[in-house]
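S.K.: Got a structure for you, written out below as structure tokens; questions coming shortly.
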Ligand code: CAA
């Protein structure tokens, strides 16, 4: 594994964890951190020994947004020609399931990073928001699109236009996160969820993630067709034979591709 300065990367069994590590800036997403997160995530994604990736921060902050100090001096030409934030598209294209473990601030780009993950599990202390409007901009790493798809227009407009933050229970109620857990239990509970996912058949995990994500990209009829073709394709896998065979024989499946 490569060495990084703004993140830590660890592996436990089939789970890879990326911990954002710029504590003095509340894990603000500067260019270096973006490059390192994407590189580490792609490295884990390419590793067949990894079946789930966790992205997390500190107890105080998941990430307080894109780095405002780095952005402050940029011109329109700098942003447009440099295509700032484009590397995050590669993060959103990972095939391995990714879980965001969020404690503390998940604001601006931090909230957007969480939404690029496949599941968000929040500590009771987590706070979500898109406060960019207070800086004279608006969300630029997918927030206007992913927040709206996740929680609907009413709540997305409320958050993005006012810049207010949302508590973990509110994030659960509106469907931005799938679970809220006691803050001190966040890492252990997320590790359990990640390990559970990572034990499944890897090609089936990839196909499942792709099928669910298709719901955001296409019509219902096309999405259902895609699901059916992909579902049929799982019957070509030894892991499908093993999974159903194990059920019939009343034993635990031993997937080959994991
Ligand atoms: N960028 C750069 N530095 C940041 C930062 C950010 N997004 N957020 C916090 N920091 C820095 C602070 O400047 C401070 O550094 P110094 O000690 O050198 O002054 C340090 O982190 C600690 O922050 P605070 O002293 O402000 O801590 P606090 O507990 O009083 O407040 C906070 C915490 C409410 C999160 C506050 O820091 C804050 O409002 N941060 C900015 C949040 C924000 O606006 N995010 C959106 C960024 S823009 C964006 O993300 C665009 C996009 O969609 C692409």
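Numbering (our numbering), first residue to last: 966 to 1223. The C-beta atom is built at its ideal place from N, Cα and C for all residues, glycine as well.
Report yes or no: do the segment 1180-1189 and the segment 1063-1073 share at least 3 C-beta pairs separated by less than 8 angstroms?
M.R.: Between the segment 1180-1189 and the segment 1063-1073, the count of Cβ pairs shorter than 8 angstroms is below three; the stretches do not touch.
S.K.: Helix, strand or coil for residue 1015? Go by DSSP, reduced to three states.
M.R.: coil
S.K.: Check whether the Cβ of residue 986 lies closer than 7 angstroms to any heavy atom of ligand 1, and answer yes or no.
M.R.: no
S.K.: Just to confirm the assignment, what range does the beta strand (DSSP E) spanning residue 1064 have?
M.R.: 1063-1067
S.K.: Mapping DSSP to helix, strand and coil, what is residue 1021?
M.R.: strand
S.K.: Would you give the residue range spanned by the alpha helix (DSSP H) that residue 1071 belongs to?
M.R.: No alpha helix (DSSP H) contains residue 1071, which is instead part of the beta strand (DSSP E) from 1070-1072.
S.K.: Considering only DSSP beta bridges, list what residue 1220 is partnered with.
M.R.: None; residue 1220 has no bridge partner.
S.K.: Helix, strand or coil: which one does DSSP assign to residue 973?
M.R.: strand
S.K.: Would residue 1087 pass as a contact of residue 1145 if the rule is Cβ separation under 8 angstroms?
M.R.: Yes, they are a contact pair.
S.K.: Is the CB-CB distance between residue 1061 and residue 1018 below 8 angstroms?
M.R.: yes
S.K.: Quick one: what's residue 980 bridged to in DSSP?
M.R.: 977 and 1017
S.K.: In angstroms, rounded to a whole number, what distance separates the CA positions of residue 1197 and residue 1178?
M.R.: 18 angstroms
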